[in-house]
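Every letter in the sequence shown is one number past the one before it in numbering that gives the first Met the number 0, and letter 543, counting from 1, is 542. Shown next, in structure tokens, is the structure this report addresses.
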Amino acid sequence: MISVDNLTVSFAGWDLFKDVSFLINEKDRIGLVGKNGAGKSTMLKVLIGEQPPTSGTVSRNGECTVGYLPQQMKVADTTTLFDETESAFSEVLGLEQEIDRLNAEIAERTDYESPEYEKLLHRLNDATDRFNILGGMNREEEVEKTLLGLGFERSDFSRPTSEFSGGWRMRIELAKLLLRRPSVFLLDEPTNHLDIESIGWLENYLKDYNGAVVLISHDRAFLDNVTTRTIEISLGKIYDYRVPYSKYVELRRERRAQQLAAYQNQQKMIEQTEEFIERFRYKPTKSNQVQSRIKQLEKIERIEVDEEDLSRLNIKFPPAPRSGQIVVEAKEVGKSFGEKHVFSGATFTIERGQKVALVGRNGEGKTTFARMVIGQLEPTEGSIRIGHNVKIGYYAQNQDDLMNGDFTVFDTLDRVAVGEIRTKLRDILGAFLFRGEDIDKKVRVLSGGERARLAMARLMLEPYNLLVLDEPTNHMDMRSKDILKNAVQRYDGTVIVISHDREFLDGLVERVYEFRDGRVKEHLGGIYDFLRDRQIESMREIEQKKPSQAAAPKTNKGGLSGKMLYEQKREAEKQLRKAERDVERAEEEIMALEKEIAEMDRKMADPAASGIDLTDGTYYAEYNKKKEELTRLTYRWEELSITLDRIKETMNG
């Protein structure tokens, strides 16, 4: 569909890519990965034609259409949410007008045998066929389904787009893009403005999509769930792996280890050959052997080891001063902005050393609560108390609004640093990869990832014992996220983190506070425990409606109509059947793999009789890989079995 041939992109004599080539095929699911600044976003701009290459070509077949979602874009504010989203069907709307016009013209004519009349009929037939192919009859249903999947409420449909925040406007553009159904999606960080539930919906949409998908994301779980191919951009080259992200990480490590081993073996052989040549170069009796070795060296194909980008963050939070045992205490806390009610009834206590997550759909009050913790907002209901000797460090989601674009990187820290720490500003900036001339860059020219690093560097300027981190991983590359996660895990203070990144939260937080439908609910355990619980709760909530709704059907004592109970039971049975199939499939995979491992054990017991070679380590590597896969499958089977048991308990309860 899209062919990239010998592509080079240079800036001021520096090559961002050099002579790279690859193909995007029909139904490919490609994750484009690499550290911040490697050129991922530039590659998408080249593919869409927004950025011309220095040399090389990008070509696509005549029927290929491309839909592009950049990280940042200007959104029109001239209509309602539904109408703006429906504009994705511009061709359908145009066809609808043409069909109406043609029908009106045909109805007025009486020259049924004329060529002009026949031509009108043909045009009407073609327009109607195209209208049906593009789903014209179902467009309102498609708009509604897409908007709901991306987290909008039906009550939002008639709201002007100007009322939505930047994150929600990006969702509008994503909805329009999805509804256009191009041959190839080019998506640059599509999950940055989505909550966990909307990310799950988008994952399922993209997995089932009939076209190709190329996406940039720093969400490891999202990449693993959507992609089947990974293209890494590193130091001007690309490396193409036909596997999802996590498998690519393993293969990249193995490839480099193999390259290094082969390189070292070859270097040893070259060194020994050169020693032989030097030792016997002037001995007539060895002249034939010397010449043979010289020719051997000339013919040898030298092994090269891929360059490795070793630049990395060096994050270590200062030790936390001791605070009181209770760090944050919320009692029936609620917040409203005028007539708009955000949430109420938040009652919980966060104690010293705890690490907790605030999750929920955008607009449910997570950032609002965080701003109440740091004192920027006051609750309109209840009370929130900060404990004794609590010093708060805050990483805000809207870094672009909080940093002055005219300041340099160094000035941004220098203007807030006090005391002895000012002598260490260059060291701190160096730890966050701002080195040399980088510290004199204006903030306005920094990439999203660089601004995130700079904002994080500001948290190093003084010791805090409560960190409030609002979407800290947005714009961070995989390696930086892993380093930040390790730093937060090692941090001995208290942490409140708002994030939609499941892999970042996994193993980091010990409890989750969910902001949903105007309430706040506590879930003990990690993020995947919460997601499993939510899946079961969602099953219970199927088709439930609020009692205040007008014209509600007659209900039983439990508050549910017969239809609701039927639908709920049917959905529960569907979930049960799926869980049973998942467990059964996992058991079959385990049995098949155990059989393969047993066969490999038999062959290793007598390699000569089995005709296998154990000397180069390939067989052992394959054997160990299967054992690791068995461990993973067994763990997966245990998780599925637990989910199945919970569903059965829910249905029986």
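Using N, Cα and C, we set each Cβ at its ideal position, and we do this for glycine too.
DSSP-derived helix/strand/coil call for Pro-317: coil
Alpha-carbon to alpha-carbon, Tyr-527 and Glu-542: The pLDDT assigned to Glu-542 is 36, lower than 50, so where the model puts this residue is not dependable; a value taken from the coordinates is nonetheless given after this. In a straight line, the C-alpha of Glu-542 is about 25 Å away from that of Tyr-527.
Terminal residues of the beta strand (DSSP E) in which Phe-16 lies: 13–23
Spatial neighbours of Leu-173 in its chain, beta-carbon cut-off 7 Å, leaving aside the 5 residues before and after: Leu-68, Leu-149, Pro-189
Whether Ile-373 touches Ile-391 by CB criterion (8 Å): yes
Limits of the unbroken alpha helix (DSSP H) element including Phe-431: Where Phe-431 is concerned, there is no enclosing alpha helix (DSSP H), given that its DSSP letter is neither H nor E.
Run of the alpha helix (DSSP H) containing Asp-239, from where it starts to where it stops: Unbroken run through Asp-239 is the beta strand (DSSP E), 236–240; no alpha helix (DSSP H).
At least 3 beta-carbon pairs within less than 8 Å: the stretch 341–352 vs the stretch 325–333: yes
Spatial distance of Lys-556 from Thr-649 (CA atoms): Residue confidence is low: Lys-556 scores 41 on pLDDT, short of 50, so the model does not pin down where it sits. Its coordinate-derived value is still stated next. Rounded to whole angstroms, Lys-556 to Thr-649 spans 19 Å at the Cα level.
DSSP-derived helix/strand/coil call for Phe-88: helix
Exposed unless 16 or more other CB atoms sit within 10 angstroms - verdict on Val-3: buried
Residue(s) in a DSSP beta bridge with Arg-510: Val-355, Leu-523
C-beta contact flag for Ile-47 and Val-65 at 8 Å: yes
Exposed unless 16 or more other CB atoms sit within 10 angstroms - verdict on Gly-362: buried
Closest by C-alpha distance to Glu-83, when choosing among Val-508, Met-169, Thr-56, Pro-52: Met-169
Pro-243, buried or exposed, once every other Cβ within 10 Å from all chains shown has been counted against 16: buried
Straight-line Cα distance separating Leu-80 from Arg-122: 33 Å
Three-state secondary structure (DSSP) of Arg-518: strand
Glu-583 vs Asn-35 beta-carbon contact at 8 Å: no
CB of Leu-592 within 8 Å of CB of Leu-643, strictly: no
When Leu-424, Ala-356, Gly-492, Asp-481 are compared against Asn-388, the one with the closest alpha-carbon: Gly-492
Cβ-based neighbour list, Ala-11, same chain, cut-off 7 Å, excluding 5 preceding and 5 following: none
Close beta carbons around Val-212, own chain, < 8 Å, minus the five adjacent residues each side: Asp-27, Arg-28, Ile-29, Val-183, Phe-184, Leu-186, Leu-205, Val-225, Thr-226
Extent of the continuous alpha helix (DSSP H) to which Ile-47 belongs: 39–47
N-terminal and C-terminal residue of the beta strand (DSSP E) that Asp-207 is part of: Taken as a continuous stretch (DSSP letters only), Asp-207 belongs to no beta strand (DSSP E), being part of the alpha helix (DSSP H) at 195–207.
Boundaries of the beta strand (DSSP E) in which Ser-58 is found, first to last residue: 54–59
Expected contact under 8 Å - CB spacing of Glu-509 and His-522 to nearest Å: Wrong, their Cβ atoms sit about 10 Å apart, outside the cutoff.
Endpoints, the beta strand (DSSP E) within which Leu-222 is located: Element bounds for Leu-222: not the beta strand (DSSP E) but the alpha helix (DSSP H), 219–225.
Three-state secondary structure assigned by DSSP to Lys-647: helix
Gly-610 (DSSP reduced to helix, strand or coil): coil
Continuous beta strand (DSSP E) stretch holding Phe-336: start and end: 325–336
Selection from Ser-446, Ile-385, Gly-435, Arg-457 that minimises the alpha carbon distance to Ala-416: Arg-457
Beta-bridge partners of Ala-211, as assigned by DSSP: Val-183
Where Asp-469 falls: helix, strand or coil (DSSP): strand
Of the listed residues Glu-117, Met-455, Gly-364, nearest to Val-332 (C-alpha basis): Gly-364
Cβ separation of Phe-409 and Leu-424, assumed to be a contact under 8 Å, to the nearest whole Å: 7 Å
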